[in-house]
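Engineer:
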Amino acid sequence: MTARHPPRYAGGPCLTCGKPWPCFDRQVASLVEFAGRGSLLVAYMGDWLRLGVEERERRGLPFDPEMETRHLGWLDMVLPAQGEHRSGDD
Numbered sequence: 001m002t003a004r005h006p007p008r009y010a011g012g013p014c015l016t017c018g019k020p021w022p023c024f025d026r027q028v029a030s031l032v033e034f035a036g037r038g039s040l041l042v043a044y045m046g047d048w049l050r051l052g053v054e055e056r057e058r059r060g061l062p063f064d065p066e067m068e069t070r071h072l073g074w075l076d077m078v079l080p081a082q083g084e085h086r087s088g089d090d
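By my numbering, the letter at position 28 of the sequence shown is numbered 28, and the numbering carries on one by one without gaps.
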């Protein structure tokens, strides 16, 4: 699923563009890959966040306070509000 703009390692930069992962291009690609499956996208990004926190700790890297926003902060802009239903979100 991360064929384009994969992370160098969980919690690390994008292997393709070097920006903090998930970079904008990866976020857009994820929207396309998970179209109509918003809850799966949330779970996917949540797993990457967890793995990233664990990997940074394992590597002795400092805590990245922006990781949560990069992984999850943008999802509310693209997912329906709780109780709202969009066509294809089953």
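Ideal Cβ placement from N, Cα and C applies to all residues, glycine included. These numbers were taken from a predicted model, which means no experiment stands behind them.
When you compare only the Cα positions, how much space is there between residue 66 and residue 37?
Structural biologist: What you label residue 66 is simply residue 66 of the sequence shown in a count that begins at 1. What you label residue 37 is simply residue 37 of the sequence shown in a count that begins at 1. About 25 Å.
Engineer: Would you say residue 11 and residue 68 are within 8 Å of each other, going by their C-beta atoms?
Structural biologist: On the sequence shown, position 11 is the one that residue 11 refers to. On the sequence shown, position 68 is the one that residue 68 refers to. Result no, Cβ atoms of residue 11 and residue 68 do not sit closer than 8 Å.
Engineer: Which two residues bound the contiguous alpha helix (DSSP H) that contains residue 18?
Structural biologist: Along the sequence shown, one-based indexing puts residue 18 at 18. DSSP places residue 18 in no alpha helix (DSSP H); its state is neither H nor E.
Engineer: Among 73, 5, 9, which residue has its Cα nearest to the Cα of residue 58?
Structural biologist: Translated into the one-based positions of the sequence shown, residue 58 becomes position 58. Residue 9 is the option with its Cα nearest to residue 58.
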